[in-house]
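See structure below.
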C-alpha cells in the first residue's frame, strides 16, 4: 500500500501561518488553555486558534494531496484537530484495515513526533485525528496521534536504538 503521509505537508504550514498571524504566542503554553473564551489576559485560546486554522484550511478544500488522496475538510473539538480525507480508487472491502491503520499510525506518528514544525501541537498536547474514507464514502479508519505522548514515543525509540 503506497499511501503517503496525508494532509500533514499542506496542513502544517497553513496552521502555523494562521497561528502566527493571530498574534498568539505559540510556544507559551501558560498563556493558553482549552476553553471557548479568551483568558484573563485577553489572549486567544488554543481551541480558538485551532478553529481559526481549520476554517482557513477549509476555504482551500477539497484539495488533492497526492494522486490517491483528497483532503475534504477539517474541524476542531476541544483539543482535537480532525482531518477528513478520501482515498480515491480504494475500497474498504478490498483493504486490510489493520495493516493500513498500523502503517499510517506509525508513519504519521513518527513524522509528527519528530518534526520541529509540530512543536505547537506537542506543547499544547493536541490530538490529531486523520479520518479516512474510501471512494464510496465508506469509513476506513481513524488514525489518532496524541502529541502529548510524543515524548514517551521518542524517548522509547531512542532507548531501543542504544
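In mature numbering (1 follows the signal peptide of the UniProt record, and there is no 0), the protein residues as written are -23 to -1, 1 to 139. Cβ atoms here follow ideal geometry from the backbone N, Cα and C, with glycine treated the same way.
For residue i versus residue j, is the C-beta spacing smaller than 9 Å?
{"i": "residue 104", "j": "residue 117", "result": "no"}
{"i": "residue 101", "j": "residue 23", "result": "yes"}
For residue i, tell me which candidate among the options has the shortest Cα-Cα distance.
{"i": "residue 71", "options": "61, 112, 85", "result": "112"}
{"i": "residue 69", "options": "124, 126, 123, 119", "result": "119"}
{"i": "residue 114", "options": "21, 22, 49, 26", "result": "49"}
{"i": "residue 34", "options": "41, 44, 51, 45", "result": "51"}
{"i": "residue 56", "options": "106, 82, 44", "result": "106"}
{"i": "residue 27", "options": "74, 59, 83", "result": "59"}
{"i": "residue 110", "options": "97, 36, 37, 64", "result": "64"}
{"i": "residue 108", "options": "96, 128, 46", "result": "46"}
Please report the residue range of the beta strand (DSSP E) in which residue i lies.
{"i": "residue 60", "result": "57 to 64"}
{"i": "residue 49", "result": "46 to 54"}
{"i": "residue 69", "result": "Run containing residue 69: none; DSSP gives neither H nor E here."}
{"i": "residue 21", "result": "Neither: residue 21 is in no beta strand (DSSP E) and is coded neither H nor E."}
If we ignore side chains and look at the alpha-carbon of each, how far apart do residue i and residue j end up?
{"i": "residue 53", "j": "residue 92", "result": "21 Å"}
{"i": "residue 79", "j": "residue 89", "result": "15 Å"}
{"i": "residue 73", "j": "residue 84", "result": "17 Å"}
{"i": "residue 67", "j": "residue 43", "result": "14 Å"}
{"i": "residue 25", "j": "residue 75", "result": "34 Å"}
{"i": "residue 99", "j": "residue 124", "result": "5 Å"}
{"i": "residue 62", "j": "residue 29", "result": "20 Å"}
{"i": "residue 81", "j": "residue 38", "result": "22 Å"}
{"i": "residue 32", "j": "residue 40", "result": "14 Å"}
{"i": "residue 77", "j": "residue 19", "result": "43 Å"}
{"i": "residue 96", "j": "residue 36", "result": "24 Å"}
For residue i, which residues of its own chain have a beta-carbon under 6 Å away from its beta-carbon, when the five flanking residues on both sides are left out?
{"i": "residue 126", "result": "none"}
{"i": "residue 128", "result": "none"}
Once the 5 residues before and after residue i are set aside, which same chain residues still bring their CB inside 8 Å of it?
{"i": "residue -11", "result": "Because the pLDDT of residue -11 is 46, which lies under 50, any placement of that residue in the model is unreliable, and the number read from its coordinates should be weighed accordingly. Cβ within range, chain order: 94."}
Between which two residues does the alpha helix (DSSP H) holding residue i run?
{"i": "residue 89", "result": "74 to 91"}
{"i": "residue 105", "result": "Counting along the chain, residue 105 falls outside any alpha helix (DSSP H), though it belongs to the beta strand (DSSP E) covering 104 to 110."}
Answer yes or no: does any C-beta atom of chain B fall closer than 9 Å to that of residue i?
{"i": "residue 72", "result": "The chain labelled as chain B is not found in the depicted structure, where only one protein chain is given."}
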